[in-house]
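Number of protein chains: 2
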Amino acid sequence: MTFIIPQEKLRQFSNEVLIKVGVPKGHAEVVTDQLVLANLRGVDSHGIIRLPFYVSGIVRGEINPNPNVKVVKDGGPYALIDGDNGIGQPVALKATEIAVGKAKGFGVSFVGIKNLKHIGMLGYYVMKIVDNGMVGFVSANASPNIAPLGCKKPITGTNPIAIGFPTKDRPPIILDMAMSVVARGKILVAAHKGEKIPEGWAMNKEGLMTTDPKEAIEGILLPFGGYKGFGLAVAVDILCGVVLGGGYSLKMRRGMFYSQGGVFIGAVDINSFRPYNEYIEEITEYINLVKSTPTAPGFEVLMPGEPEHRTYLNRVERGIPLDDETLKELKELSIKYGVEFPTN
Amino acid sequence: MTFIIPQEKLRQFSNEVLIKVGVPKGHAEVVTDQLVLANLRGVDSHGIIRLPFYVSGIVRGEINPNPNVKVVKDGGPYALIDGDNGIGQPVALKATEIAVGKAKGFGVSFVGIKNLKHIGMLGYYVMKIVDNGMVGFVSANASPNIAPLGCKKPITGTNPIAIGFPTKDRPPIILDMAMSVVARGKILVAAHKGEKIPEGWAMNKEGLMTTDPKEAIEGILLPFGGYKGFGLAVAVDILCGVVLGGGYSLKMRRGMFYSQGGVFIGAVDINSFRPYNEYIEEITEYINLVKSTPTAPGFEVLMPGEPEHRTYLNRVERGIPLDDETLKELKELSIKYGVEFPTN
Chain A
1 MTFIIPQEKL
11 RQFSNEVLIK
21 VGVPKGHAEV
31 VTDQLVLANL
41 RGVDSHGIIR
51 LPFYVSGIVR
61 GEINPNPNVK
71 VVKDGGPYAL
81 IDGDNGIGQP
91 VALKATEIAV
101 GKAKGFGVSF
111 VGIKNLKHIG
121 MLGYYVMKIV
131 DNGMVGFVSA
141 NASPNIAPLG
151 CKKPITGTNP
161 IAIGFPTKDR
171 PPIILDMAMS
181 VVARGKILVA
191 AHKGEKIPEG
201 WAMNKEGLMT
211 TDPKEAIEGI
221 LLPFGGYKGF
231 GLAVAVDILC
241 GVVLGGGYSL
251 KMRRGMFYSQ
261 GGVFIGAVDI
271 NSFRPYNEYI
281 EEITEYINLV
291 KSTPTAPGFE
301 VLMPGEPEHR
311 TYLNRVERGI
321 PLDDETLKEL
331 KELSIKYGVE
341 FPTN
Chain B
345 MTFIIPQEKL
355 RQFSNEVLIK
365 VGVPKGHAEV
375 VTDQLVLANL
385 RGVDSHGIIR
395 LPFYVSGIVR
405 GEINPNPNVK
415 VVKDGGPYAL
425 IDGDNGIGQP
435 VALKATEIAV
445 GKAKGFGVSF
455 VGIKNLKHIG
465 MLGYYVMKIV
475 DNGMVGFVSA
485 NASPNIAPLG
495 CKKPITGTNP
505 IAIGFPTKDR
515 PPIILDMAMS
525 VVARGKILVA
535 AHKGEKIPEG
545 WAMNKEGLMT
555 TDPKEAIEGI
565 LLPFGGYKGF
575 GLAVAVDILC
585 GVVLGGGYSL
595 KMRRGMFYSQ
605 GGVFIGAVDI
615 NSFRPYNEYI
625 EEITEYINLV
635 KSTPTAPGFE
645 VLMPGEPEHR
655 TYLNRVERGI
665 PLDDETLKEL
675 KELSIKYGVE
685 FPTN
């Protein structure tokens, strides 16, 4: 039987554990908010499953729990932020707020972050930008685990990108995707559940296809869409790692579930290009038209973010399911840090 | 035997035909430059094969051969340009120059274009930005021909994106890709050659898979990487079509090989984030490291744009091959407009 936990109890547990290892309350709440939102939206790969990795990174001294975020370059519509090797979520949220403020002032903005740890689900930050009536872009590179077929070593991270657009009376349009066929976290989830993964998701460390999630975690993820997905992963690696100076994938240690290179955040105030009301009218018309596409029986056209929003509505009401392995790891944290683990 | 034509002769022919149908010399040279560069880089789908469509669009009064390009919004780092329903290449080149100028002044820039026709290979404009030591982004939406599996009508265009980065002593890194498994033009090329297309490229108009390029042209292209490619195509459609107001895919007439919705051009001056020399050092190191990845026999890691650059070097020297159908269409233009068709 799957253990199901109400979001509020999971929040409280996550906050208390983070505070115990030295994360200030305000920062802990941001980390928790991102993790729980990921679980609520069904993006379990970037949810509470990451908490044990973050905690381990902090206690090993590899993640700064209380970063002093600095703006190191500021030039009107752009800025570069140094994250002080901090736990990623509060750093990225601060940078997101700066991007929104700059887009309000300059119409568009482009904010880079370097020297920070894992920021979690990119859609979290995109949604904050979208809440301000803006278009949001977020991208980040990470330690290597992707290569094209035939490579014996991984080259880039899953290097996700997320793009979001505001809507009215509809879930916001949020595209949030990794450049692998699946996010590495989905393979983690399969490993936790003891399930095999489909052919085409990953190679083992010899560069051969595998369906064993444990081999895949030690091995190499395949990019989605062949050279196109790989090309996008390389572009993100160069933008975040080389242009912003965050360090490219091959410079990072593998297997760190809390590593991150650079992060790019873009915001576009829609009013720069057309009146917001006019935009809202047309985006509503657009969604209605796309969703009314005739389909074969059993098919339905979903907008980006719509499946996640359905899961969100369901899990807000019924709670968040935890797989056995995650439950075990959280209970270990509970014992280790003397934080009561909630009953469901 | 394939007809092979030296680039200079193809340029002269294309310029003269365009001038005959009313395109001013300066504009004609930009259109030709884009078409020939596409052929030289092996992107034949966006090369001279399009000339007959452009000519037909102009003579039907659907493309303005001599647009009066206007900046309709200008807010520092951003601008919105009205292309006066013009032939796309000179409009987009002008907008690219504006984007470069703004990025020089403001560090980053974001320029939109609406009300213009087909701009051709996006990499053309990205390369102009890259030539200025900047990161370039270009994206555009077009008339609908993509839908996810099971749809009986297309929803978005192939809605390509291109991203480029400067290098030293190496071909520039240019990623230029459509959101379909293959560019629609590749199916055109297959149809011209009388070849079948692989399974998975496209559906017929009933929403069923097809390997017949003619059925595919009337039918629906499949997005690359399933919902990920479709999600990106939707994001481009909304950004260029709704946010910039260029008109989204479903608002455009199908089968127009010279239609375009909106265009987004972004430029990032690398000096905004780190000294250019430092960037060049690290990108060189990056390319060397990526290209030295150990591979299985017969595999080689190529950077985005590298295959195109190899074809470029080859075709600059040996000339551009034309398939029989394209040759026939160009000869028809030759007769119709009294422009001598060059011998090879």
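If you read the protein sequences in the order shown, they are chains A and B.
Here our numbering is used: the first residue of the first sequence is 1, the next is one more, and so on.
Here our numbering is used: the first residue of the second sequence is 345, the next is one more, and so on.
Cβ atoms here follow ideal geometry from the backbone N, Cα and C, with glycine treated the same way.
Chain A contact for residue i (CB, 7 angstroms cutoff)
i: K572/B; result: yes
i: F454/B; result: yes
i: S616/B; result: yes
i: K438/B; result: no
i: I609/B; result: no
i: M521/B; result: yes
i: P638/B; result: yes
i: Y630/B; result: yes
i: P648/B; result: yes
i: A416/B; result: As written in the sequence, residue 416/B is Val, which differs from the Ala given in the question. For V416/B, the answer is no, since every Cβ of chain A falls outside 7 angstroms of its Cβ.
i: K448/B; result: no
i: A579/B; result: yes
Same chain, Cβ closer than 8 angstroms to residue i, five either side skipped, listed in chain order
i: I624/B; result: P510, T511 and K512
i: V339/A; result: F13, E16, V17, K20 and L333
i: G26/A; result: P90
i: K73/A; result: A79 and L80
i: M596/B; result: A486, S487, P488, G501, S603 and G605
i: P198/A; result: T211
Cβ shell of residue i (< 6 angstroms), same chain only, five flanking positions each side left out
i: A38/A; result: H46, G47 and M121
i: G86/A; result: N64, P67 and L116
i: Y125/A; result: A92, T96 and V138
i: A162/A; result: L122, G123, V126, V138 and D176
i: Y398/B; result: Y602
Per DSSP, the bridge partner or partners of residue i
i: K414/B; result: D426/B
i: K458/B; result: D426/B
i: L295/A; result: The question names Leu, yet the displayed sequence has Thr at residue 295/A. BP columns for T295/A point to C495/B.
i: F165/A; result: I173/A
i: F608/B; result: G456/B and S483/B
i: T156/A; result: I146/A
i: F321/A; result: Note that residue 321/A is Pro in the sequence shown, not Phe. I4/A.
Residue i to residue j span [Cα, whole Å]
i: G585/B; j: R170/A; result: 19 angstroms
i: G247/A; j: E206/A; result: 26 angstroms
i: I442/B; j: V375/B; result: 18 angstroms
i: G107/A; j: G266/A; result: 11 angstroms
i: G649/B; j: G164/A; result: 28 angstroms
i: F341/A; j: M134/A; result: 39 angstroms
i: G75/A; j: G105/A; result: 12 angstroms
i: L313/A; j: D44/A; result: 15 angstroms
i: F347/B; j: A235/A; result: 36 angstroms
i: G219/A; j: I155/A; result: 12 angstroms
i: S292/A; j: V181/A; result: 28 angstroms
i: K558/B; j: E329/A; result: 56 angstroms
i: D324/A; j: I49/A; result: 11 angstroms
i: R404/B; j: K540/B; result: 32 angstroms
i: F299/A; j: L552/B; result: 13 angstroms
i: L565/B; j: V660/B; result: 32 angstroms
i: L633/B; j: V645/B; result: 10 angstroms
i: Y620/B; j: K680/B; result: 51 angstroms
i: V455/B; j: F608/B; result: 6 angstroms
i: G229/A; j: I627/B; result: 20 angstroms
CB contact check: residue i to chain B, cutoff 7 angstroms
i: V242/A; result: yes
i: V135/A; result: yes
i: G75/A; result: yes
i: P171/A; result: no
i: G245/A; result: yes
i: V69/A; result: no
i: G101/A; result: no
i: I48/A; result: no
i: E199/A; result: no
i: G231/A; result: yes
7 angstroms CB neighbourhood of residue i in its chain, flanking five on each side removed
i: M256/A; result: S143
i: N24/A; result: The sequence given here places Pro at residue 24/A; Asn does not occur at that position. If we look at P24/A and ignore the five residues flanking it on each side, its Cβ neighbours are N66.
i: Q34/A; result: Q89, G120, M121 and Y124
i: T326/A; result: I48, I49 and H192
Proximity test, residue i beta-carbon vs the ligand ATP heavy atom, cut-off 6 angstroms
i: G120/A; result: Of the ligands one can find in the structure shown there are none, so the ligand ATP has no counterpart to examine.
Is the number of C-beta pairs between the region 533-552 of chain B and the region 128-145 of chain A that are closer than 8 angstroms three or more? no
Would you check if there are 3 or more beta carbon pairs closer than 8 angstroms linking the region 488-507 of chain B to the region 452-464 of chain B? no
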